[in-house]
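Residue numbers (this note's numbering): 736 to 1348.
Every residue, glycine too, gets a C-beta built ideally from N, C-alpha and C.
Next comes the structure, spelled out in structure tokens:
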């Protein structure tokens, strides 16, 4: 009989149950220097005594490995960093701070490669706290010995996935009437009726097709509802070689199964905040979210990419078009998402998973932290005392902003800031009349993302530790002041707020890594930046850097007019429209479109050569 080793057991578990169920360790009685399990007089295992023995065993192993980290592990991490920074491993000392050499995009790529190649998890906050290769190796070893406690939920945290017909008590949209009893039941009844009405046009019902209901945080309400059907929609197209539309659809459905936030429709409830209703996975639901088309020529892909007809944006927060090109071995996957269900970090992980599944349909799904946990916490704590310090911070920071209306740029000549088809938007007639008077031709297409290369910006980061987003934010501030002639620049920026909302660090550390949240955690911050004439460029950059550090990860109050005038969005995901970046094996990005309801200046900033100091 063939001996079954620990390696055989581990491999069998991963192959049959996926990486999610992989054991942290398999140990034998010999490992523990035991001839038999400790037993009671009645023949039962003494579990407490056995637990102490096992803990002492792991403590000994962990201490030995931390004192003398594995040379192989260090070499593996060193090799990944060297590859990303176009260097040789010998050029990267294991004791040096690699975060000084790697920008945020490179760090994100490191985390992705570490997982896909070695099956090990590190997140961006881990790299901030463990910034040398030696520290990162020790952290991975420690987690492999003890198990990553942050990957497990505390005993008092529960959530339900895949539950049909949610009741009033298990929905995440609990922010409704504060009184109990009848009001709560009435709110649930209203929600049920409104959802049924919203689902009717799709042939679905609350009773049979709803898995859950997710709250939409206040600053995302505008994303979800908007002024027109295509408001705040994002669309990206990928070319896929040697795969037909049926194969691509199977992969897409597999990925949607574990990302409920994409299987949502918008439900606007009278007298309450709008919510996302999560549709149960079924063939009928996938048929609503996905369509397949046959094209006669590749150029037709671009037509679908820029099409913003109103009928294409009815309530669904996600839609996909899969195309085959006649006579070609080429297909295309065109994805349209509302910004209330994704952000750049979520998109980055999802696109990588799609690429992996298309390459290997049997690959195990990477399970993140359910977005519902984040939505629940945001709703629970946004009006609590825990949120008060964050709110007060922004109130102090923006005190006096109503006095700076002349600092807003560009000047407003008509209501709204629409690009592309705006016939169904608020104030269309007024806006159109003004355009005719000014002899302005409406832009019929949504704006295209353009890439710009700034290789010299890397020198400022490596020599002076000034991060690229701070440099661009400073440039926007100076530009605004030049345009308006006022001493202050007022504009909004988006931040990828990968933190548990409003929670102190000692509580957040007991939760799964916030970077693993499977959904959007984007935050807004208003800027009111003074440009001082006697300040040097270096002093201004340092002050901007300090201001960036001081900004809370959670939203404070926002001046609405200023917030809709100009937005700075530092989008990491757009880098992957650059064909020279080889993170995708199968997917080839063709282009992307966005339909904001405000004016976005320098919305996407890309540095193609930032990894070669």
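Residue i versus residue j - alpha carbon distance
i	j	result
residue 948	residue 1005	16 Å
residue 1021	residue 1040	20 Å
residue 764	residue 793	14 Å
residue 1121	residue 1237	6 Å
residue 1329	residue 973	16 Å
residue 1141	residue 1235	36 Å
residue 846	residue 1103	14 Å
residue 963	residue 1332	9 Å
residue 1048	residue 1161	17 Å
residue 1052	residue 826	47 Å
residue 1247	residue 873	20 Å
residue 987	residue 1069	11 Å
residue 1269	residue 1222	12 Å
residue 1033	residue 968	23 Å
residue 958	residue 743	49 Å
residue 795	residue 1002	55 Å
residue 1350	residue 1158	There is simply no residue 1350 to check, as the chain begins at 736 and stops at 1348 in what is shown.
residue 1266	residue 835	28 Å
residue 951	residue 1261	20 Å
residue 890	residue 1245	Residue placement at residue 890 cannot be trusted, given a pLDDT of 35 that sits under 50; what the coordinates show is reported in the next sentence. In a straight line, the C-alpha of residue 890 is about 10 Å away from that of residue 1245.
residue 925	residue 1133	38 Å
residue 1011	residue 929	12 Å
residue 1117	residue 761	43 Å
residue 900	residue 1088	Note on residue 900: pLDDT 49, under 50, position unreliable in the model; no value is reported.
residue 1008	residue 956	8 Å
residue 1059	residue 1325	15 Å
residue 1054	residue 1025	6 Å
residue 806	residue 851	21 Å
residue 766	residue 820	41 Å
residue 1108	residue 861	21 Å
residue 920	residue 941	16 Å
residue 976	residue 1098	19 Å
residue 965	residue 1050	10 Å
residue 1127	residue 1276	25 Å
residue 1101	residue 990	9 Å
residue 1217	residue 1016	53 Å
residue 1321	residue 780	52 Å
residue 911	residue 1119	Because residue 911 sits at a pLDDT of 45, beneath the cut-off of 50, its placement in the model cannot be relied upon, and the following sentence gives the value as read from the coordinates. So the alpha carbons of these two residues sit roughly 15 Å apart.
residue 983	residue 1057	7 Å
residue 1038	residue 1323	17 Å
residue 1283	residue 1249	20 Å
residue 1062	residue 1044	28 Å
residue 1203	residue 1196	7 Å
Sheet register partners of residue i (DSSP bridge)
i	result
residue 1053	1072
residue 1224	1264
residue 1060	1030
residue 774	780
residue 1066	975, 1059
residue 827	DSSP output for residue 827 lists no bridge partner at all.
residue 1252	1104
Extent of the continuous alpha helix (DSSP H) run through residue i
i	result
residue 806	806-819
residue 1262	Note, residue 1262: premise wrong, no alpha helix (DSSP H); beta strand (DSSP E) at 1257-1265.
residue 1198	1192-1199
residue 1280	1272-1285
residue 1241	1240-1243
residue 1134	Careful: residue 1134 lies outside any alpha helix (DSSP H) and carries neither H nor E.
residue 763	It is not in any alpha helix (DSSP H) - residue 763 carries neither H nor E in the DSSP assignment.
residue 1170	1163-1172
residue 861	859-864
residue 1235	Unbroken run through residue 1235: none, as it is neither H nor E.
residue 850	839-853
Cβ-heavy atom distance, residue i to the ligand ZN, below 7 Å
i	result
residue 959	Questions concerning the ligand ZN fall outside what the structure shown contains, since it holds no ligand whatsoever.
Rounded distance between the beta-carbons of residue j and residue i, thought under 8 Å
i	j	result
residue 1092	residue 996	The pair is not a contact, with the Cβ atoms about 18 Å apart (cut-off 8 Å).
residue 1233	residue 1209	Wrong, their Cβ atoms sit about 24 Å apart, outside the cutoff.
residue 980	residue 876	So it is not a contact: roughly 45 Å between Cβ atoms.
residue 1081	residue 1253	7 Å
residue 859	residue 878	Actually they do not touch by this definition, with Cβ atoms about 16 Å apart.
residue 785	residue 772	6 Å
residue 833	residue 866	6 Å
residue 1000	residue 1072	Not confirmed; about 13 Å, so no contact.
residue 1263	residue 1139	7 Å
Cβ of residue i within 8 Å of any chain B Cβ
i	result
residue 1025	Checking the listed chains, one finds no chain B in this structure; it contains a single protein chain.
Boundaries of the beta strand (DSSP E) in which residue i is found, first to last residue
i	result
residue 1329	1323-1330
residue 1030	1025-1030
Hey, which unbroken runs of the beta strand (DSSP E) at 3 residues or more fall wholly within the region 945-1017?
-> Listed in chain order, the complete beta strand (DSSP E) runs (minimum 3 residues) inside the region 945-1017 are 945-950, 968-976, 999-1002, 1010-1014.
Mind pulling the alpha helix (DSSP H) runs of 4 or more residues that sit fully within the region 1081-1123?
-> Counting only runs of 4+ residues, the alpha helix (DSSP H) found wholly inside the region 1081-1123 occupies 1106-1116, in chain order.
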